[in-house]
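Down below is the structure, laid out as structure tokens.
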Amino acid sequence: MDEIKDGKVNIERYRIKEGTKVNLKKYSTACDVVIDKAKVKSLYFPEVIEKMKDLQEKLYAQDTYGLIIVLQAMDAAGKDGTVNHVFANLDPGGVKVVSFKQPTSEEKDHDYMWRINKALPERGDIGIFNRSQYEDVIVTRIHDLIHKGQLPQDLIHKDFWEERYEQINNWEKYLHQNGFQMVKIFLHVSKKEQQRRLMDRIINQQKNWKFSMSDINERQYWDRYQELYEEMITKTSKDISPWYIVPADNKWYTRYVVALITLEALKKINPQFPKLAPEVQEQLEQFKKLISEVDIKSLEEIKNSIDKK
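The working numbering numbers the first residue of the sequence shown as 404 and each following residue consecutively.
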């Protein structure tokens, strides 16, 4: 394992290059570098958050680009915790978090991307997708929901899923060409760690509220999920909208890497505070001068008051 002394983890180690055939068994689920956990939590992570906040402010002020962070994973991999610990530190006015759960009856009456499009962030904002459009090539496929849904049956053929991957890739390209960057993160948790976390939800009363029988039921499809996630990442990790496979067994490390990936995405956008129009700049300079003169007069008044005493 690489030893990291200054906290500068190279996130390229987790980025899936376009054209790579993914085998999840070859990717680590645990922290795969030698790094000081205490320093990450007390020093490195807070430093990254501060840099993210600075760039977020510029992104919001510039109001031209938008950023979409997709979080996809198996149950109990830490999506909610990642949202709370990484993105809750940003200005909530410029962050939009959307969790995609089982589609409502209204959502089922539209195309599968309808609810995703509705959730897109505005320019200047960061959108966090807790699950995403990729539910419709994973869960839908696991449970054969296509044949049980309202899609016309004559549209379902042998190349159906290839077409859906193509649709998603084209949509992400369209967003990129319109100033909305997308970064996709797969939180890679081990089957053993998922079991431990699910058991914790059952045993720990403070976490009982997180427990859902659906989590237990979905676990029986573990191997099929892994197979489909491999296919999904292989077919949809593009240079303009890459996938990152992030180790998820160690929550402190997962959150740090996600923060680093987000910071890098913001750096690539390179947002800047907008320049003021000449007339506004002139007004600002006049106001600065006025304030300065007021301050000088105030100081003189205070001095005279003291002298009189």
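Glycine is no exception: its CB is placed at the ideal position from the N, C-alpha and C atoms. Keep in mind it's a predicted model, so treat the numbers as computed, not measured.
Would you please state the rounded distance, in angstroms, between the beta carbons of residue i and residue j? I believe it to be under 8 Å.
i: L458; j: L669; result: 4 Å
i: Y647; j: I419; result: 7 Å
i: H488; j: R658; result: 5 Å
Would you check if the distance between the CB atom of residue i and the CB atom of residue j is smaller than 8 Å?
i: P677; j: Q536; result: no
i: K424; j: T637; result: yes
i: M477; j: Q623; result: no
i: I588; j: V486; result: no
i: D539; j: R567; result: yes
i: K482; j: N426; result: no
i: V498; j: A522; result: no
i: N413; j: I452; result: no
i: W564; j: K594; result: no
i: V443; j: G422; result: no
i: F490; j: I531; result: yes
i: L462; j: I606; result: no
i: A680; j: L590; result: no
From the DSSP secondary-structure annotation, give me the bridge partner or partners of residue i.
i: S502; result: N533
i: H591; result: P650
i: E575; result: Paired residue(s): none; E575 is not in a bridge.
i: F583; result: G469
i: R418; result: Y647
i: V437; result: E406
Provide the residue span of the beta strand (DSSP E) that contains residue i, from first to last.
i: V647; result: Reading off the sequence, residue 647 comes out as Tyr, not Val. Start and end: W646 to P650.
i: A464; result: No beta strand (DSSP E) contains A464, which is instead part of the alpha helix (DSSP H) from F448 to Q465.
i: Q475; result: G469 to A476
Under DSSP, the alpha helix (DSSP H) around residue i begins and ends at which residues?
i: L523; result: That residue, L523, is in no alpha helix (DSSP H); it is neither H nor E in DSSP.
i: Q629; result: W625 to T639
i: T543; result: V542 to I545
i: G484; result: K482 to V489
i: H513; result: Where H513 is concerned, there is no enclosing alpha helix (DSSP H), given that its DSSP letter is neither H nor E.
i: S431; result: It is not in any alpha helix (DSSP H) - S431 carries neither H nor E in the DSSP assignment.
i: I559; result: Segment: none, I559 is in no alpha helix (DSSP H) and carries neither H nor E.
i: L548; result: L548 to K551
i: E621; result: M616 to R622
When the Cβ atoms of the segment 469-489 are set against those of the segment 522-538, are three or more pairs found closer than 8 Å?
yes
Assess contact between the segment 562-578 and the segment 639-653, defined as three or more Cβ pairs (one per stretch) separated by less than 8 Å. Is contact present?
yes
So, do the segment 444-462 and the segment 509-519 have three or more beta carbon pairs nearer to each other than 8 Å?
no
Does the contact criterion of 3 or more C-beta pairs under 8 Å hold for the segment 427-436 versus the segment 647-656?
As far as the Cβ criterion goes, the segment 427-436 touches the segment 647-656, which means the pair count is three or higher.
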